[in-house]
Amino acid sequence: MIGGGWQGQGGFDSNTKELDYQNLIHNIRLAASVVPGLRNVNLVRSWAGFEPVMPDALPCLGCLPGHPNIWIATGARGGYSLGPAQGKLISEMVLGKALSLEGTAAFDPGRTF
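Under the working numbering, residues 13 to 125 are what the sequence shown spells out, in order.
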């Protein structure tokens, strides 16, 4: 099982990424409260990575301005949670289908930051 969702320490500027062990422990306890069988599972490994975040904290989702064949879906923190929705939306955009979510104009990669 892989989980995520708790912010670590570090950042792009310092090129550091470290686990926040208090957050990790809280995450494990929270998971075990939802799935009691996890109380007896051993933690094998853990890691930290970088998350892309846009200046306005909203994801970028759509066609890259000036490049009609480049579509992006990035900048949304919480990839495990938001990834499936982003994948569905970007596929709908690329295929020219009606979008299954309103308000996606706020995610336009051409917006001003």
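Note that the Cβ used here is the ideal one computed from N, Cα and C, for glycine as well.
Specify whether the segment 20 to 39 and the segment 57 to 67 touch according to this definition: at least 3 beta carbon pairs, one from each stretch, less than 8 Å apart.
yes
Paired residues, beta bridge with Glu30 - DSSP:
The sequence position of residue 30 within the sequence shown is 18, counting from 1. In the DSSP output, where bridge partners are listed per residue, Glu30 has Gln21.
Using the Cβ count rule (16 or more neighbours within 10 Å means buried), how would you classify Phe125?
Locating residue 125 in the sequence shown gives position 113, counting from the first residue. It counts as exposed.
Would you list, in sequence order, the uninterrupted alpha helix (DSSP H) runs of no fewer than 4 residues that lie entirely inside the segment 83 to 107?
91 to 107
Among all the DSSP beta bridges, which residues are the ones paired with Leu70?
For this step, residue 70 is matched to residue 58 along the sequence shown. None, per the DSSP bridge assignment.
Apart from the five residues just before and just after Ala118, which ones in its own chain have a Cβ nearer than 8 Å to its Cβ?
Walking along the sequence shown from the start, residue 118 turns up at place 106. The answer, listed in chain order, is Leu70.
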